[in-house]
Every structure is written in C-alpha cells, then in structure tokens.
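So my numbering is basically just the index in the sequence shown, starting at one, shifted up by 30. In what follows, a structure is listed as structure tokens, so that the remarks can point back to it.
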Amino acid sequence: MQRIYDKCRRREPLSREEAYRLYDEAPLQELALVADEVRRAVVPDPQVVT
C-alpha cells in the first residue's frame with residue numbers, strides 16, 4: 031500500500047488496479063491522511079476549503 035500512497039504524494043496517475051486496491055484495502059484513516067497531504071501540497075492556504 032505504501033507504494034501507492036507514495037505515488038499519490040507525487041501526484042502520479044494511478045492504474046485502475048491501484049485505484050481498486052485503495053478502494054478495497056486501504057484503511058480509511060490512512061487514505062484520508064494521504065489525501066490531506068496532497069491537498070495541502072496543492073492548496074497550502076489553510077483557509078481554503080476544497
């Protein structure tokens with residue numbers, strides 16, 4: 031799972047299989063943390079809600 035998280039952090043496209051694996055197997059709390067990291071990298075202003 032870490033390889034897929036790292037790919038997300040680098041903002042690289044996921045394959046369909048990787049996306050399905052995240053959907054089926056990733057713990058929601060971990061996935062939410064990675065998503066928040068990516069969001070903050072794209073929009074660093076904490077006042078902006080995406």
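From the three backbone atoms N, C-alpha and C, an ideal C-beta is built for every residue, glycine too.
Alpha carbon of residue i to alpha carbon of residue j, nearest angstrom
{"i": "P43", "j": "A56", "result": "17 Å"}
{"i": "A65", "j": "D36", "result": "11 Å"}
Three-way DSSP call (helix, strand, coil) for residue i in this model
{"i": "L44", "result": "coil"}
{"i": "V73", "result": "coil"}
{"i": "A49", "result": "helix"}
{"i": "A62", "result": "helix"}
Check whether residue i and residue j have beta carbons under 9 Å apart
{"i": "C38", "j": "V68", "result": "yes"}
{"i": "L61", "j": "L52", "result": "yes"}
For residue i, the nearest candidate out of the options (CA to CA)
{"i": "R40", "options": "L58, R70, V79 and D54", "result": "R70"}
{"i": "Y50", "options": "M31, L63, Q59 and A62", "result": "M31"}
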